[in-house]
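Inspection log for the structure reproduced underneath, given as structure tokens.
Residue numbers (this note's numbering): 297 to 550.
Structure representation (structure tokens):
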């Protein structure tokens, strides 16, 4: 994209004049990331699959605050969707500087109960889609472009009830490192690995309290903690191939 007009609204903000595509931005962590980037001055393309109302709400919050946002739908389990989504984002905003791969699914699948359909669906959204989004975005990203992938603490720990999910997120970590090397120096690629941030909807208060009490910082995190880490990696111009763990210190427990 051409340099931002310094007189344009938001141009003096950290990400003023830059365009960000955030997948899964209609709810939870994706929404927090989109709002954080919008507050920093980015023009945000808000992707959703089924949560149209949530995506419209995210875009409205960005525009109400004086920013610019676009809403684009795509089912990322469709092999053709990544290329189409990136093309639509570029067409809507006039360019692309930042890609944040946030859309994912986390399902409880204990060993012995995993089905081929569940495995394939999880890999399609959590790992295949981010890779092909990166591949589609890379030639369209402006020089100095940034990709941030959302991994998971499960990539580094063993969670018996979430083995397929953990494998997909370990794949996201390796994908991040490999793409950082393949796309350097024009594009930087990093990842954020959240821990105890947003719990699954079926967790009760007692489970949440136990998790908080065994976290070194003594509390659960928030989606905003992840969003702030994403923004840091976007702005940190000499960082690539890194995975920033945001887990309150759980990965350093003895």
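By construction, the Cβ of each residue, glycine as well, lies at the ideal position given by its N, Cα and C atoms.
Start and end residues, alpha helix (DSSP H) containing residue i
i           : result
residue 348 : 348 to 360
residue 501 : 501 to 509
residue 467 : 459 to 479
residue 334 : 324 to 335
Buried or exposed by the 16-neighbour rule on C-beta atoms within 10 Å, applied to residue i
i           : result
residue 547 : exposed
residue 509 : exposed
residue 488 : buried
residue 433 : buried
residue 462 : buried
residue 404 : exposed
residue 503 : exposed
residue 412 : exposed
residue 326 : buried
residue 490 : buried
residue 302 : Its pLDDT being 42, under 50, residue 302 is placed unreliably in this model, and the value from its coordinates should be taken loosely. Per the 10 Å Cβ criterion, exposed.
Presumed contact (8 Å Cβ cut-off) between residue i and residue j, rounded CB distance
i           : j           : result
residue 407 : residue 456 : 7 Å
residue 517 : residue 542 : 6 Å
residue 460 : residue 415 : 5 Å
residue 526 : residue 340 : Not quite, the Cβ-Cβ distance comes to about 12 Å (not below 8 Å), so this is no contact.
residue 420 : residue 373 : 4 Å
residue 519 : residue 328 : 4 Å
Straight-line gap, residue i to residue j (C-alpha atoms, nearest Å)
i           : j           : result
residue 468 : residue 356 : 30 Å
residue 368 : residue 316 : 13 Å
residue 444 : residue 480 : 14 Å
residue 448 : residue 426 : 14 Å
residue 337 : residue 511 : 34 Å
residue 351 : residue 545 : 31 Å
residue 499 : residue 382 : 35 Å
residue 384 : residue 528 : 26 Å
residue 314 : residue 431 : 20 Å
residue 483 : residue 438 : 8 Å
residue 531 : residue 348 : 29 Å
residue 393 : residue 410 : 38 Å
residue 376 : residue 332 : 29 Å
residue 494 : residue 472 : 22 Å
residue 309 : residue 335 : 8 Å
residue 371 : residue 441 : 24 Å
Extent of the continuous beta strand (DSSP E) run through residue i
i           : result
residue 490 : 483 to 490
residue 366 : 365 to 369
residue 339 : 339 to 344
residue 433 : From DSSP, residue 433 is part of no beta strand (DSSP E) but of the alpha helix (DSSP H) over 425 to 433.
residue 296 : In the structure as shown, the chain begins at 297 and stops at 550. Residue 296 is therefore absent and cannot be evaluated.
With three or more C-beta pairs closer than 8 Å as the rule, is the stretch 471 to 488 touching the stretch 523 to 543? yes
Evaluate contact between the stretch 444 to 461 and the stretch 503 to 518, counting only Cβ atoms and requiring at least three cross-stretch pairs below 8 Å. no
Would you check if the stretch 349 to 363 and the stretch 383 to 391 touch, i.e. whether three or more CB-CB distances between them fall below 8 Å? no
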